[in-house]
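Only one structure is covered here, and it is reproduced in the block below.
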Amino acid sequence: MIACLLASSGWAQSPLDGNWRVTFATEGSEGREAMVELKGGSGTWTTYARSDKDKRDVCVGRPLPVTIAGDPAAGKLDLRLDVSSAIAGCRDRKATLQRTDDKTLEGTFDNGRAIRLVRP
């Protein structure tokens, strides 16, 4: 009965649902971290602030919209970070990801920088 209700509501659980710890490279190859929370292919991305920087960066430390699409079983996924829709002046990003195992996605942003998502 519950499965029927979930199916009829249009919400289907994705194998990507849940929290992901993100590490990614920025300009100058500086490493950064974020948390992604997904449910049904969309969710939020929150970049962690660095203690010595980011105090005035409005794009850091708050949940921003993210979507992920593709077939997890096939291994190739597209991540889209649509931050400009939430905060003017913040950059949107796209990344292509490959599933390396059940808990890890790796790939590159559209600017060529590395990104890795790991399920805790």
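The sequence shown begins at 1 in the working numbering and counts up by one. We put the CB at the ideal spot given by N, CA and C, even for glycine.
Identify which residue in the options has its Cα closest to the Cα of residue i.
i     : options             : result
Asn19 : Thr44, Arg80, Gly31 : Thr44
Ala49 : Leu38, Ser85, Arg62 : Arg62
Nearest-angstrom Cα distance between residue i and residue j?
i     : j     : result
Thr96 : Ser51 : 29 Å
Arg56 : Pro15 : 36 Å
Ser9  : Ala69 : Residue confidence is low: Ser9 scores 40 on pLDDT, short of 50, so the model does not pin down where it sits. No coordinate-derived value is stated.
Gly41 : Val66 : 9 Å
Arg21 : Asp82 : 18 Å
From which residue to which residue does the beta strand (DSSP E) around residue i run?
i      : result
Arg56  : Careful: Arg56 lies outside any beta strand (DSSP E) and carries neither H nor E.
Val118 : 114 to 118
Asp102 : Note, Asp102: premise wrong, no beta strand (DSSP E); not H, not E.
Asp78  : 76 to 81
Ile87  : Element bounds for Ile87: n/a, residue is neither H nor E.
Asn130 : Because the chain here runs from 1 to 120, residue 130 falls outside it and cannot be looked at.
So, are the CB atoms of residue i and residue j less than 9 Å apart?
i      : j      : result
Val118 : Thr108 : no
Gly31  : Cys59  : no
Arg99  : Ala25  : no
Asp71  : Leu77  : yes
Arg91  : Thr23  : no
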